[in-house]
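Numbering-wise (my numbering), the sequence shown opens with residue 11 and increments by one.
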Amino acid sequence: MDCIHLTGIRCYGYTGYLQEEKVLGQWFEVDVRLWLDISTAAKTDAIEDTLDYRSVISLIQHLVKTSKFALIEKLVTMIADSILQECDRVTQVQVILSKPAAPIPDFNGKISIELTKSKSNL
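The following block contains the structure:
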């Protein structure tokens with residue numbers, strides 16, 4: 011199966027355990043891998059025969075901006091499920107959701123969750 015990678019999707023959102031995260035918000039970064047068959051598009055050179063990446067990016071940005079979950083585990087699952095439901099051609103998705111500036115004292119790293127789901131897991 012072929013795979014399309016979309017990386018570095020930055021979105022501002024309000025998911026977080028702390029009240030400040032829900033009110034003030036923070037930046038999130040999302041990377042996705044989308045498994046689908048691109049052989050027809052490779053022959054026809056027509057966007058109708060593949061996945062329009064813009065729709066996936068827009069879907070992710072909308073979900074991050076409008077969701078107010080306590081846990082990023084919930085948000086990453088919502089993103090994966092929504093992509094599989096909205097994108098008929100995609101058979102499997104991997105989503106990596108990162109909080110590059112998690113509000114944890116003396117911690118300068120980032121927190122990421124990686125989730126892989128297929129249509130059969132819905």
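A virtual CB, placed ideally from N, CA and C, is assigned to each residue, including glycine.
Once the 5 residues before and after residue i are set aside, which same chain residues still bring their CB inside 7 Å of it?
i: T17; result: D41
How many angstroms separate the CA atom of residue i from the CA atom of residue j?
i: A111; j: M11; result: 35 Å
i: I93; j: P115; result: 34 Å
i: K120; j: W37; result: 11 Å
i: W45; j: S65; result: 15 Å
i: F117; j: I123; result: 17 Å
i: P113; j: Q29; result: 11 Å
i: H15; j: K129; result: 18 Å
i: Y63; j: R20; result: 15 Å
Thinking residue i and residue j are a contact (beta carbons under 8 Å), I'd like their distance in whole angstroms, please.
i: V100; j: V86; result: Going by Cβ atoms, the distance from V100 to V86 rounds to 16 Å, so no, they are not a contact pair.
Spatial neighbours of residue i within its chain, please: C-beta separation below 8 Å, excluding the five flanking residues on both sides.
i: L132; result: D91, L94 and Q95
i: Y22; result: G35, Q36, W37, F38, V74 and K75
Query raised in the report: Taking one C-beta from the stretch 69-78 and one from the stretch 43-53 each time, how about it: are there three or more such pairs within less than 8 Å?
Result: no
Query raised in the report: Along the chain, which unbroken stretches of the alpha helix (DSSP H) at least 4 residues long are found entirely within the stretch 51-84?
Result: 63-76
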